[in-house]
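Residue numbers (UniProt numbering), protein chains in the order written: chain X, 1 to 162; chain Z, 1 to 177. By construction, the Cβ of each residue, glycine as well, lies at the ideal position given by its N, Cα and C atoms.
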């Protein structure tokens, strides 16, 4: 009988050994490991235009496969990573990049959330500062102080310790 | 005044939602991409014909008069549905060229003999490379190309009666002048 702990350990080992299901087919893989690694990194940055929320590295669509092969072909032909991406952008537009380039039309996309967060922080700081100011007690006027002293003196007369 | 000030975040949130919802309510398909090649010359290509001896399709064939280039395949259902409309357009004197995208020529031939052939010329793009040059991402796609070989419009998806009447025909008429 296998004890539960060992069974759990075996299961964990099996899960670790199981690789993720890859869209990249064995016949696509390049012999040159360095080039293949570059191709994989690039493919992860390129949008599959059929599924649109997957990279071509993840997608099983026909077009994704064609583009993966194309990326590898360009790399073998000696293109730099940027040249490969430029090649794709020239045909499919900047939407083909999963990370949008920083241009005028994507400024809001890139900096909008940070700007909103900053604005929120300013509002919070201003509100807190105001609240603290409102909570600070105003000092007593001379008349108020005299009345307070008189009241305290009265209490002393009752015989309590001063 | 104080109360008005407090309404600013609400107003800003409403404005943000409105700005994000507008393109959807406006009827734009967010998955449809504008072609990068719009108002640019067609990419260079030279494809063989469907039969031995039949004329193929090359970028050089796209100069002279405005034409439609229809990217199609026998495996694509909307392509099947739009063939009668393309035939009607061809009957009205529009030159329609076909780009057989990633299709077995035998299947393409059967497809055309079953449904009819609206294409004046067909280029066989067996490996889909010319499709990539055009930025094709969904078949069918239909390109309007003017007399100097410049891409003037791309329609992604089936050419419906509405698309033909409201977009393609008026644009072709305009380009002919």
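Contacts of residue 91 of chain X in chain Z (Cβ-Cβ under 7 angstroms): Numbered from 1 along the first chain, position 91 holds the residue referred to as residue 91 of chain X. Near residue 91 of chain X (Cβ distances below 7 angstroms), the residues of chain Z are 36, 132, 133 and 135.
Residue burial classification, residue 61 of chain Z (beta-carbon count within 10 angstroms, cutoff 16): Working through the second chain from its first residue, we reach residue 61 of chain Z at position 61. With 16 or more other Cβ atoms within 10 Å, it is buried.
Interfacial residues, the stretch 32-60 of chain X to chain Z, with Cβ spacing under 7 angstroms: Of all residues in the stretch 32-60 of chain X, only 49, 50 and 52 come within less than 7 angstroms of chain Z when Cβ atoms are compared, listed by chain position.
Distance between beta carbons of residue 47 of chain X and residue 96 of chain X, contact taken as under 8 angstroms: Looking up residue 96 of chain X in the first chain gives position 96. Looking up residue 47 of chain X in the first chain gives position 47. Between residue 47 of chain X and residue 96 of chain X the Cβ distance is about 5 angstroms, and since that is below 8 angstroms, they are a contact.
Burial state of residue 136 of chain X (16 or more Cβ within 10 Å): Position 136 of the first chain, counting from 1, holds the residue named residue 136 of chain X. Residue 136 of chain X comes out exposed.
Residue of Z:43, Z:88 and Z:16 minimising C-alpha distance to residue 136 of chain Z: For the purposes of this step, residue 136 of chain Z is taken as residue 136 along the second chain, with counting starting at 1. With distances taken between CA atoms, residue 136 of chain Z lies nearest to Z:43 out of Z:43, Z:88 and Z:16.
Proximal residues of chain X, C-beta to C-beta of residue 112 of chain Z below 9 angstroms: Within the second chain, the letter at position 112 stands for residue 112 of chain Z. The contact set of residue 112 of chain Z on chain X, defined by CB atoms closer than 9 angstroms, is empty, because the minimum CB distance reaches about 22 angstroms.
DSSP state of residue 161 of chain Z mapped onto helix, strand, coil: As a first step, residue 161 of chain Z is located in the second chain; it is residue number 161 there, counting from the start. Residue 161 of chain Z carries a helical assignment under DSSP once its states are collapsed to helix, strand and coil.
Residue 62 of chain X at chain Z interface by Cβ criterion, 9 angstroms: Against the first chain, residue 62 of chain X aligns to sequence position 62. Closer than 9 angstroms to the CB of residue 62 of chain X there is at least one CB belonging to chain Z.
Chain Z contacts from the stretch 69-83 of chain X (Cβ-Cβ distance under 7 angstroms): Taking a C-beta cut-off of 7 angstroms against chain Z, the contacting residues of the stretch 69-83 of chain X are 70, listed in chain order.
For residue 108 of chain X and residue 9 of chain Z, the rounded distance between their alpha carbons: Translated into the one-based positions of the second chain, residue 9 of chain Z becomes position 9. Translated into the one-based positions of the first chain, residue 108 of chain X becomes position 108. Rounded to the nearest angstrom, the two C-alpha atoms are 18 angstroms apart.
Straight-line gap, residue 154 of chain Z to residue 41 of chain X (C-alpha atoms, nearest Å): Residue numbering aside, residue 154 of chain Z sits at position 154 when the second chain is read from its first letter. Residue numbering aside, residue 41 of chain X sits at position 41 when the first chain is read from its first letter. If you take the alpha carbons of residue 154 of chain Z and residue 41 of chain X, they lie about 31 angstroms apart.
Contact list for the UniProt domain "Thioredoxin" (36-177) of chain Z against chain X, Cβ threshold 9 angstroms: Considering only beta carbons, the part of the UniProt domain "Thioredoxin" (36-177) of chain Z lying closer than 9 angstroms to chain X consists of 36, 37, 43, 102, 127, 128, 129, 131, 132, 133, 134, 135, 136, 137 and 138, in chain order.
Under 9 angstroms by beta carbon: chain Z residues contacting residue 86 of chain X: Here residue 86 of chain X refers to the residue found at position 86 of the first chain. Here the premise fails: no neighbours, minimum Cβ distance about 12 angstroms.
CA nearest to the CA of residue 131 of chain Z, picked from Z:69, Z:26 and Z:53: Locating residue 131 of chain Z in the second chain gives position 131, where the first residue counts as 1. Residue 131 of chain Z has its Cα closest to that of Z:69, out of Z:69, Z:26 and Z:53.
Distance between residue 139 of chain Z and residue 111 of chain X (C-alpha atoms, nearest Å): As a working note, residue 111 of chain X is residue 111 in the first chain. As a working note, residue 139 of chain Z is residue 139 in the second chain. Looking at the two C-alpha atoms, the distance is approximately 36 angstroms.
Extent of the continuous alpha helix (DSSP H) run through residue 95 of chain X: Residue numbering aside, residue 95 of chain X sits at position 95 when the first chain is read from its first letter. Residue 95 of chain X -> no alpha helix (DSSP H), and no H or E assigned at all.
Rounded Cβ spacing between residue 123 of chain Z and residue 47 of chain Z (contact assumed at less than 8 angstroms): Translated into positions along the second chain, residue 123 of chain Z becomes position 123. Translated into positions along the second chain, residue 47 of chain Z becomes position 47. Going by Cβ atoms, the distance from residue 123 of chain Z to residue 47 of chain Z rounds to 3 angstroms, so yes, they are a contact pair.
Helix, strand or coil at residue 97 of chain Z [DSSP, three-state]: Mapped onto the second chain, residue 97 of chain Z falls at position 97. Strand at residue 97 of chain Z.
Interface residues of chain X facing residue 33 of chain Z [CB-CB closer than 8 angstroms]: On the second chain, position 33 is the one that residue 33 of chain Z refers to. Residues of chain X passing the Cβ test: 49, 92, 93 and 95.
Chain-ordered chain Z contacts of residue 66 of chain X [CB-CB under 7 angstroms]: Here residue 66 of chain X corresponds to residue number 66 of the first chain, with the count starting at 1. Close to residue 66 of chain X, with beta-carbon spacing below 7 angstroms, are these residues of chain Z in chain order: 128 and 132.
Buried or exposed by the 16-neighbour rule on C-beta atoms within 10 Å, applied to residue 17 of chain Z: Residue 17 of chain Z sits at position 17 when you count from the first residue of the second chain. If you draw a 10 Å sphere on the C-beta of residue 17 of chain Z, you find fewer than 16 other C-beta atoms in it, and that means exposed.
Buried or exposed (CB count within 10 angstroms, at least 16 for buried), residue 110 of chain Z: Here residue 110 of chain Z is taken as the residue at index 110 of the second chain, counted from 1. It counts as exposed.
Three or more C-beta pairs below 8 angstroms linking the stretch 114-128 of chain Z and the stretch 89-101 of chain Z: Output reads yes: the stretch 89-101 of chain Z touches the stretch 114-128 of chain Z.
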